[in-house]
DNA sequence: CCGCGATGGGAAAGGGCTTGCCGACGCGTC
DNA sequence: GACGCGTCGGCAAGCCCTTTCCCATCGCGG
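Protein chains in written order, with the numbering used here: chain A, 280 to 644; chain B, 280 to 644.
Given below as structure tokens:
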């Protein structure tokens, strides 16, 4: 912005000038041209030495390297990207770094990115679909070589279309994208088996003897929540549970959401024997809510979540959940976006979800 | 990298060629020049309309916008950065996204960054000091306008000097840096009162009647660990506790580290009445370690941590800790780096650390 | 001694964008 | 009607690199 290049004076310094004002360092980054001048070679040669794009004879080679070192030259990655027509940046769009679900996924992505010596642009949407769209634009404008979105997954058709449209634009411009947990967007996709996982969970819970359930669901518009709810319902039906009186409470997909839903559930009257929170963050909130109200888990009510996020390890009682290999999902998405040839037909990787019974769900007598 | 522009044939297409192959859309991003051509104005005008750098008369203005929309033009941010001589990217270097301490800080940074409509480059060092150095280089080469490091804080003099040197180079090139939890690096700094906090914690624990302590410390080379240990010791001395037989175990600054240290502590013989883990992640590990060994907290041993990370909220027993406003620290660092004029003398912000007594530390009879 | 291919250096043409400058134009004023 | 002024287009010169040519040089066999 306030670039204020103060170069007007800046012609080539004659030897005398060098003697005259030795310490007057131009501020701002050192340029390749300065390195070249310092080494007494042409710009082209300096470039070739430093980027290793072609062999350069020893005398010159050494001098360029020395000059670069002495001047503390750092190539301008932006200019390089422009000149080469390709960047080494990967875009990552998630909801929130603070949410363990997303940070685990981000961790997986980062690992892959680091292995390839790339760099990641991180953007967090805070669940705002418009920001999501906006960020796709931003990423595109930064010409990221790959884009990974772990996003909204809303049922909002209009939004999904716009997103698909954006992504198509991104792809048309030569980028590779992978979306986590949502397919049919015309990109690579890594999708957890939400429905199957929830179905399996329902089955296990029924096998523990539970018949009366409540579900703490996310916002109605979220596909993830809907899929898990649907799967759970199917599972119950398969086990012969009457789903008619299944209590389903909708709230935010956050800890606070879970907490207040638990409170609402308690207020509504007799508790079911088992509560399924469609994700672990909500389950943790619910756990806190129950505890605050003096409702004991699992004695008074059983509680299960979904995702098997890391902090679950330290909770008491340990939470029953449906395990998702979050880091792997991130890593896989990164691989899809980074290792696939552009123009390949997009792949969809299904991720297995596995029920893990722990102490928060008890067997009924 | 494999840029492979398919231009060898690529001289300028003659009008005839255009007629010959009308639908052959060049792949790759749409260029500003194409937009300009489409709108029938000059490149300059198109640029001005789209960047709003100068007012442009209505007939042209409208046509440029229409053309841009129709062609789905996205400006090349890299080229813009080169041309403008300033980028709108902020660099963030942390150890690990998966660690709640760092992700909280990252969250704070992100908030500030988003408010300013900038974008962040995230790099994680996984506690590797060399990678840290490397990343500073990378960030510098990407010409990030601000750099926030939440890093190693090692006692390794050589490394610190190299880091300071790197940062000085970055600053000389016109960048603004802020470092979290380490000062004397010649940059802005946000430093938590580790020592004071630990001292206060020691005092509170003594007031609960504890006299025999153990400290689960991080690697010897980590300043954060050392400061907290020092402060804790000072606090004990101030309370008249004999520090001679204070048990100090060193391990990794991770959950696993805490877990195995707890095991070691148990194996070593009679437990002290209270254990201080120098950070919460270790404390959580220790809690798990104790639990696994059948040692009850706080009945058999009291346990305290430091940082007050988010997952602590859901742990049972709730953990006594020293609260640090992590998000704010990140936000503050971002502000320092973003809102300060370059060349200003660097500021150091001290962050208050406050003891929060919870259920994991009990009062001795 | 000459021609040959291989090698390495440099000038210059990009890459996609911004912006300083100039000139054209329309308007109001005296 | 001439002049000044403000507005707005466009040319072209940047920004900092990479890479394509092309030419000079060199070693070498014929």
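Every residue gets a Cβ at the ideal spot worked out from N, C-alpha and C, and that includes glycine. The structure displayed is predicted, hence computed values, not measured ones.
- Query: Taking the alpha carbon of residue 465 of chain B as the point to measure from, which residue in B/454, B/474, B/475, B/472 has its own alpha carbon closest?
  - Reply: Selection B/454, B/474, B/475, B/472 evaluated against residue 465 of chain B yields B/454 as nearest (Cα-Cα).
- Message: Let's see if you can read the secondary structure: which residues bound the alpha helix (DSSP H) around residue 614 of chain A?
- Response: In this chain, the alpha helix (DSSP H) harbouring residue 614 of chain A covers 605 to 618.
- Task: Could you tell me if residue 312 of chain A is buried or exposed, where buried requires 16 or more neighbouring beta carbons within 10 angstroms of its beta carbon?
- Result: Result: exposed.
- Task: For residue 400 of chain B, return the contacting residues in chain A, with the cut-off set at a CB-CB distance below 9 Å.
- Result: Per Cβ cutoff of 9 Å: 368, 398, 399, 400, 401.
- Indicate whether at least one CB of chain B lies closer than 8 Å to the CB of residue 356 of chain A. Yes, residue 356 of chain A lies at the interface with chain B (some Cβ there is under 8 Å from its Cβ).
- Item | residue 578 of chain B to residue 442 of chain B span [Cα, whole Å] | In this structure, the CA atom of residue 578 of chain B is about 45 Å from the CA atom of residue 442 of chain B.
- Message: Against residue 389 of chain B, what residues of chain A qualify as contacts under a CB-to-CB distance less than 7 Å, listed in chain order?
- Response: What residue 389 of chain B touches in chain A, judged by beta-carbon distance under 7 Å, is 376, 403, going in chain order.
- What whole-angstrom Cβ distance do residue 376 of chain A and residue 457 of chain B have, given they're in contact under 8 Å? Your pair residue 376 of chain A and residue 457 of chain B does not check out as a contact, with CB atoms roughly 18 Å apart and the cut at 8 Å.
- Assign residue 440 of chain B to one of two classes, buried (16 or more other C-beta atoms within 10 Å of its C-beta) or exposed (fewer than that). The residue in question, residue 440 of chain B, is exposed, as its Cβ has fewer than 16 Cβ neighbours within 10 Å.
- Partner residues on chain B for residue 590 of chain A, Cβ-Cβ distance less than 7 Å: Those are 590, 593, listed as they occur along chain B.
- Can you find at least 3 beta carbon pairs, one from the segment 323 to 337 of chain B and one from the segment 316 to 325 of chain A, that sit closer than 8 Å? In short, these stretches do not touch, since the Cβ pair count stays below three.
- Out of B/395, B/418, B/334, B/599, state which residue places its alpha-carbon closest to the alpha-carbon of residue 399 of chain A. It is B/418 whose Cα lies nearest to the Cα of residue 399 of chain A.
- Which one of A/387, A/372, A/404 has the shortest CA to CA distance from residue 614 of chain A? When each option's Cα is compared against that of residue 614 of chain A, the closest is A/387.
- Query: What in chain A is Cβ-close to residue 382 of chain B, meaning under 7 Å?
  - Reply: Going along chain A in sequence order, the residues near residue 382 of chain B (Cβ under 7 Å) are 376, 377, 382.
- Message: Would you say residue 422 of chain B lies against chain A (beta-carbon separation less than 8 Å)?
- Response: Yes, because at least one Cβ of chain A sits closer than 8 Å to the Cβ of residue 422 of chain B.
- Query: Of the choices A/338, A/335, A/343, A/498, whose alpha-carbon is the least far from that of residue 310 of chain A?
  - Reply: Taking only the C-alpha atoms, the option nearest residue 310 of chain A is A/343.
- Item | Range covered by the beta strand (DSSP E) that runs through residue 602 of chain A | First-last of the beta strand (DSSP E) with residue 602 of chain A: 600 to 602.
- Task: Measure the beta-carbon distance from residue 372 of chain A to residue 337 of chain A and round it to whole angstroms, keeping in mind my assumption that it falls under 8 Å.
- Result: Not really, about 47 Å apart at Cβ, beyond 8 Å.
- Is it right to say residue 359 of chain A is buried, meaning 16 or more other beta carbons lie within 10 angstroms of its own, or is it exposed? It is buried - the Cβ of residue 359 of chain A has at least 16 other Cβ atoms within 10 Å.
- Minimum Cβ-Cβ distance from residue 560 of chain A to chain B less than 8 Å: Not closer than 8 Å to any Cβ of chain B, the Cβ of residue 560 of chain A fails to qualify, so no.
- Query: When DSSP labels each residue in this structure, what does residue 464 of chain A get in the three-state scheme?
  - Reply: Reduced to three states, the DSSP call for residue 464 of chain A is coil.
- Query: Checking contacts by CB at 8 Å: is residue 419 of chain B closer than that to chain A?
  - Reply: Chain A contact via Cβ: present.
- Could you name the residues that DSSP lists as bridge partners for residue 526 of chain A? Beta-bridge partners of residue 526 of chain A (DSSP): A/493.
- So, are the CB atoms of residue 587 of chain A and residue 566 of chain A less than 8 Å apart? It is not a contact, given that the beta carbons lie outside the stated cut-off.
- For residue 481 of chain B, the nearest candidate out of B/496, B/512, B/468 (CA to CA): It is B/512 whose Cα lies nearest to the Cα of residue 481 of chain B.
- Which chain A residues sit within Cβ distance under 8 Å of residue 361 of chain B? Think of a sphere of 8 Å around the beta carbon of residue 361 of chain B: the chain A residues whose beta carbon falls inside it are 355, 357, 358, 361, in chain order.
- Name the two residues that bound the continuous beta strand (DSSP E) containing residue 403 of chain A. From DSSP, the beta strand (DSSP E) with residue 403 of chain A extends over 398 to 403.
- Query: If you pair each beta-carbon of the segment 617 to 633 of chain A with each one of the segment 621 to 631 of chain B, do three or more pairs fall below 8 Å?
  - Reply: With a cut-off of 8 Å, the segment 621 to 631 of chain B and the segment 617 to 633 of chain A do not count as touching, because too few Cβ pairs lie within range.
- Task: Determine the extent of the alpha helix (DSSP H) in which residue 545 of chain B is found, giving its start and end residues.
- Result: Where residue 545 of chain B is concerned, the enclosing alpha helix (DSSP H) stretches over 534 to 546.
- Task: Keeping to the same chain, check which residues put their C-beta closer than 8 Å to that of residue 580 of chain B; ignore five residues upstream and five downstream.
- Result: These residues qualify, in order along the chain: 550, 551, 552, 553, 554, 569, 574.
- Item | For residue 471 of chain B, the three-state DSSP class (helix, strand or coil) | It is a strand residue.
- Rounded to the nearest angstrom, how far is the Cβ of residue 599 of chain B from that of residue 637 of chain B, given a contact under 8 Å? Yes, residue 599 of chain B and residue 637 of chain B are in contact; Cβ-Cβ is about 5 Å, under 8 Å.
- Cα-Cα, which of B/504, B/593, B/515 is closest to residue 528 of chain B? Nearest option by C-alpha distance: B/504.
- Which value, in whole angstroms, describes the spacing of the CA atoms of residue 468 of chain B and residue 364 of chain B? Residue 468 of chain B and residue 364 of chain B have their alpha carbons spaced roughly 26 Å apart.
- Query: Just by C-beta distance, which residues in the segment 306 to 319 of chain A are closer than 8 Å to chain B?
  - Reply: Legend: CB atoms of the segment 306 to 319 of chain A lying less than 8 Å from CB atoms of chain B belong to residues 306, 307, 308, 309.
- What residues of chain B sit near residue 351 of chain A, judged by a beta carbon separation below 7 Å? Here the neighbours are 448.
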